[in-house]
Ligand code: SF4
C-alpha cells in the first residue's frame with residue numbers, strides 16, 4: 008500500500024511503504040511527500056490545509072472508501088473516529104494514527120468482500136469501475152474485493168431501483184382527547200426503562216407539558232405552556248411522553264420544532280427510545296426539512312447523464328458515492344441527514360447544491376421520478392406520522408403559507424429551543440427586495456439565459472403541456488415572462504458599481520432596467536450615510552436607514568413599482584385561470600394532472616406572486632407618511648450592502664417586523680390548539696421573577712394571545728457548586744496578543760477538552776493561528792470553525808470523538824451543542840456577548856424595552872451566557888470550568904451563572920482550572 012499520512016499543527020506522522028514511521032516538521036513532511044506517491048489519509052482537504060498544500064492533490068482518502076463501502080453510516084472524519092466506527096482500537100498518538108490507516112483500509116475492503124453478495128452491492132463493481140476511469144484511486148482495490156470487473160452503468164441509474172410510494176387517502180381530522188398527567192408519567196417511565204438515571208424534575212415536567220395537549224375550548228385561543236427545564240432535566244423525553252400519547256390516542260400528528268438541523272438530528276436520535284424497531288419508527292416518526300435539503304432524482308439524472316457523456320466527468324467520483332448513498336439513505340436528506348457532513352468538504356458544496364431542488368424547479372407529476380421522489384415520499388409519510396421533527400424556519404413558513412407541500416397545517420406543536428423563537432420569527436416574517444432575490448425570480452421564470460452554465464428550466468418548460476394549446480393560459484404566461492425581463496439580468500452584480508453599463512444607459516435611475524437602477528440608487532444611499540469615507544472592503548455588510556430616502560431612491564422606486572405591477576397582474580391571471588381549468592374539467596381531469604396544477608399554482612404564488620406583492624408594498628411605503636422620530640413603527644425598514652472578497656455582491660431593501668412574535672402569534676399560534684414552548688433558558692435569571700416571566704412571554708409572542716400562557720419551571724438536577732467553577736479574568740485585555748496566550752494556558756491546564764467561544768471570526772482565526780502549534784506540541788489538536796475545512800456538524804463530531812482536542816467557534820457553537828463527558832470540560836468565552844448594535848437592535852431596544860434600554864441589552868447577554876454555560880455540564884457526572892476573558896464584565900450579567908463567579912487574574916484562573924479538573928477527573 009501507499010505511504011500513510013496524519014497531519015497535526017507543525018508536524019506530521021508518515022508511515023512509509025517499507026514500514027518506517029517518521030514524525031517530521033510540516034515543512035519536511037511536505038518535501039518528503041513530494042518524493043512519494045499519493046498518501047493514504049483521512050479527510051484530504053483538512054490534512055492538506057494543515058500541511059500548507061493545495062487541496063486537490065492526489066490522495067487515497069479513507070473517507071471516500073468508507074462512503075463507498077458503508078454508505079449512509081455515521082463516522083467522525085479522523086483516524087480515531089474511523090477506528091471507533093469500525094470497532095477497532097482507537098489510536099492515542101499521531102504516530103499510532105498513521106500506523107492504523109492501512110488497517111482501516113484493509114478492514115473496509117474485507118467488509119466489502121464479505122458483503123459482495125448483498126443486494127445493494129449488485130451493481131457496485133460497475134460503479135467503481137467508472138469511478139476508476141475518472142481517476143478514483145481506490146477502484147482497483149474495490150474491484151478486487153468485489154471479485155468482479157464491471158462496466159455496466161445501471162448502478163449509476165439508481166432511480167430505477169428505489170421504492171415507489173403509494174398515494175393514500177387524506178387522513179381524517181384528529182380527535183381531541185386529553186392526556187392525563189399520570190398517563191404521561193407512566194409513558195415517561197416506560198421510555199426511560201428500569202435502570203435510568205433518576206431525574207426527579209423530569210416527571211414533573213412531563214406532567215406540566217400535558218396541558219398543551221388539552222382539548223381547545225375556543226377558536227383562536229390555544230393552550231400555550233411555557234416550560235423552562237433546567238439543563239439535565241431530560242426535557243426531550245419529558246415532552247415526547249405526552250406528545251406521543253396524544254398522537255396515538257387522537258390519530259393526529261404533533262410537530263416538534265427545534266432551531267437547527269443538528270438539533271433535529273439529536274431529537275430524532277432520542278426518539279429511538281420510543282420506537283426501537285426501525286420499521287415502526289420509520290412509519291411513526293418523520294424528520295421534515297425544506298425541499299431544498301433533499302436529493303432531487305431528476306437533478307441526479309441530469310448530473311449523471313452529463314458526467315457519463317464526458318461533459319461533467321470530473322463529478323463521476325462524487326456521483327458514484329452519491330448513488331451508493333441513495334441506495335442506503337433513510338430519506339434522501341443531503342443536509343444534516345445521513346449523507347456525511349464531510350461530503351461537501353471533500354467534493355465542494357456545489358455538487359450537493361445542484362443535486363437538491365434549491366431553486367424550486369420541481370415539475371411534480373410531470374417528473375418521471377415523481378413516484379420515487381424522496382421529497383414527495385417524506386411529505387406523504389409526514390401526513391400519517393405521530394411525530395414530525397421539524398425546525399422553526401420550516402414550521403413558521405408553513406404556517407404563513409397555510410401549508411407548504413400540501414395543505415398541512417398542524418394543530419399541536421412543541422417548540423424546543425424556545426428561546427430562539429424571536430430570531431426565527433424575525434427571519435421567517437422579514438422581507439427583502441434585493442438583487443439576489445430578483446435575479447433568482449428571473450431565473451425561476453425565464454430559466455438559464457446563458458447557455459452552458461446552467462440546467463435551469465424556466466416556468467414555460469415546467470408548465471409545458473398544462474398551458475400549451477390553452478390560449479387563455481398561454482397569453483398571461485407570455486406576458487409574465489416578458490415583464491420578468493425587468494428583473495436583474497445575468498451579470499447584474501457587476502453593474503452595481505457601473506452606472507454607465509451598456510445595458511443601462513447613463514442615468515442612475517434610468518428607466519431601462521428599473522430593478523437594477525433601484526439597486527444602484529440604494530447602494531449610493533448606503534455609502535452616503537456611512538460614518539466615514541474609507542470603509543474597509545472586508546466588511547461583510549453595511550447598513551443604512553431607508554428613511555429619509557435619497558432623491559435618486561425616491562425617483563427609482565415608482566418605475567420599479569410599475570415594472571412589478573406588470574408582472575403581478577399576468578401572474579395572478581395565470582393562477583386564476585389554472586384554478587378555473589381544474590374547476591371546468593373537474594370530472595374528466597386525471598388526478599395526476601390535478602395534483603400538478605395544484606403544485607404549479609402553489610409555486611407560482613410562493614415564488615412569484617407573494618414576493619412581488621410584498622416588494623410592491625415595500626416600495627409603496629416610500630410614498631407614505633413616516634412615523635415621527637421616537638414613534639413606535641410596525642416595521643423597521645433599512646438598506647443593506649453585502650461585500651465579499653472585496654467586491655459588492657448584493658444590495659437589499661429590508662423590512663422586518665418591529666416585534667416579529669406578532670405575526671408568529673397570529674399565523675401559527677392562534678390557529679393551533681396547543682403549544683408547548685420549552686427551553687433550558689427561557690427566562691432571564693434576575694432578582695425579579697415576575698419580570699423575567701413577562702420578558703420570556705414577550706420573546707415568544709404569548710403576550711399577543713387572549714389567554715395567558717401557563718408557566719412551568721423545573722430546576723436543573725445538577726450540583727453546580729460541586730461540579731463547576733466559574734471565573735471572570737480581570738487582567739487580560741481584548742487585544743489578540745493577550746487573548747491568545749490566555750486561551751493557550753487555559754487549554755493546556757485542562758489538558759484539552761476546551762471549547763473557545765468568540766464573538767468575531769477575525770479574532771477566532773487570529774487566536775487559532777497563534778496557539779495551534781503550541782497545543783499540538785502538547786498533544787492537543789485544535790480545531791476551528793472558519794479555520795478547518797469542515798462544517799459545524801463535523802467539527803462537533805470530531806471534538807466529541809477526540810477527547811483531548813479543543814475547538815474554537817462562534818454563535819453556532821454556543822447554542823445547543825451537546826457534548827457530554829470528558830470531551831468538554833472547559834468553556835472559555837472571549838467577551839460578554841452583547842447584541843450587535845445594528846439598526847434592527849437599535850429600534851427594538853428603544854421600543855420593546857419598556858424604557859430600560861440597558862436592561863434589555865443585559866437580559867440578552869445574560870441569556871447568551873446561560874446558553875454558553877449550559878454546554879459545560881450535560882450529565883450528573885460531568886465536571887467543568889467556565890472562564891470569561893472580559894475584564895469589563897458588569898456584575899449585573901453574572902446572575903446568568905448558576906454557580907458563584909470569582910474575579911481573578913489569569914494565573915489564578917489557570918491554576919484553579921488545572922487543580923479543579925485534576926481533582927475531579
Ligand atoms: S418530483 Fe420534483 S423534486 Fe422529485 S425528483 Fe422529480 S423534479 Fe425532483
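In my numbering, the protein residues as written are 8 to 928.
Glycine residues also receive a C-beta, built at the ideal position from the N, C-alpha and C atoms.
DSSP places residue 841 in the coil class of the three-state scheme, outside both helix and strand. The bridge partners DSSP lists for residue 258 come to none.
Within the DSSP bridge table, the entry for residue 234 names 685, 719 as partners. Here residue 289 is not near residue 278, since their CB atoms are 8 Å or more apart.
By alpha-carbon distance to residue 260, the top candidate from 420, 286, 374 is 420. When the five nearest sequence neighbours on each side are left out, the beta carbons in the same chain lying within less than 6 Å of the beta carbon of residue 891 are those of 735, 836, in order along the chain. Collapsing the DSSP output to three states places residue 111 in a helix. Your pair residue 758 and residue 811 checks out as a contact, with CB atoms roughly 7 Å apart and the cut at 8 Å. DSSP places residue 444 inside the alpha helix (DSSP H), whose first and last residues are 442-453.
In the DSSP assignment, residue 31 falls within the beta strand (DSSP E) that extends over 28-32. Beta-carbon to beta-carbon, residue 339 and residue 281 are separated by about 23 Å, too far to satisfy the 8 Å threshold. The shortest CA-to-CA distance from residue 437 to any of 140, 480, 667, 183 is the one to 667. Leaving aside the five residues that flank residue 228 on each side, the residues in its chain whose CB is nearer than 6 Å to its CB run, in chain order, 713, 714. Here the C-alpha atom of residue 560 lies approximately 9 Å from the C-alpha atom of residue 526.
Within 10 angstroms of the beta-carbon of residue 574 lie 16 or more other beta-carbons, which makes it buried.
Taking the CA atoms as reference points, residue 557 sits about 6 Å from residue 532. In the three-state reduction of the DSSP assignment, residue 278 falls in the coil class, being assigned neither a helical nor a strand state. Only exposed fits residue 226, as fewer than 16 other CB atoms lie within 10 angstroms of its CB. Counting only heavy atoms of ligand 1, the residues whose C-beta sits closer than 6 Å to one of them are, along the chain, 303, 304, 305, 364, 369, 370, 371, 374, 376, 377, 380, 382, 383. Segment contact: the segment 207-220 against the segment 676-684, three or more CB-CB distances shorter than 8 Å; contact assigned. The Cβ atoms of residue 658 and residue 530 lie closer than 8 Å to each other. Within the same chain, Cβ atoms closer than 7 Å to the Cβ of residue 105 are found at 11, 12, 13, 20, 21, 22, 28, the five residues on either side in sequence being excluded. The segment 174-183 and the segment 359-366 do not touch, with fewer than 3 CB-CB distances between them shorter than 8 Å. Apart from the 5 residues on each side of it in sequence, residue 331 sits with its Cβ closer than 6 Å to the Cβ of 75, 78 in its chain, given in chain order. Annotation: the continuous beta strand (DSSP E) that includes residue 397 extends over 394-398. Judged by pairs of C-beta atoms under 8 Å, the segment 871-884 touches the segment 825-834, as three or more such pairs exist. Taken atom to atom, the span from the alpha-carbon of residue 642 to that of residue 664 is near 4 Å.
Excluding residues up to 5 positions away in sequence, 363, 364, 365 lie with their Cβ nearer than 7 Å to the Cβ of residue 299 in the same chain. Just measuring C-alpha positions, the residue of 918, 447, 350 sitting nearest residue 464 is 447.
Residues of the same chain with a CB within less than 7 Å of the CB of residue 909, apart from the 5 flanking positions on each side, are 734 in chain order. Annotated three-state conformation of residue 422 is strand, per DSSP. Straight through space, the alpha carbons of residue 233 and residue 719 are spaced by roughly 6 Å. Annotation for residue 206: 239, 240, 241, 724 place their beta carbon closer than 8 Å to its own, counting only its chain and skipping 5 residues before and after.
Looking only at 65, 887, 122, the smallest Cα-Cα distance to residue 928 is reached by 887. Nearest Cα to residue 329 within the set 166, 252, 471: 166.
Secondary structure of residue 434 (DSSP, three-state): helix.
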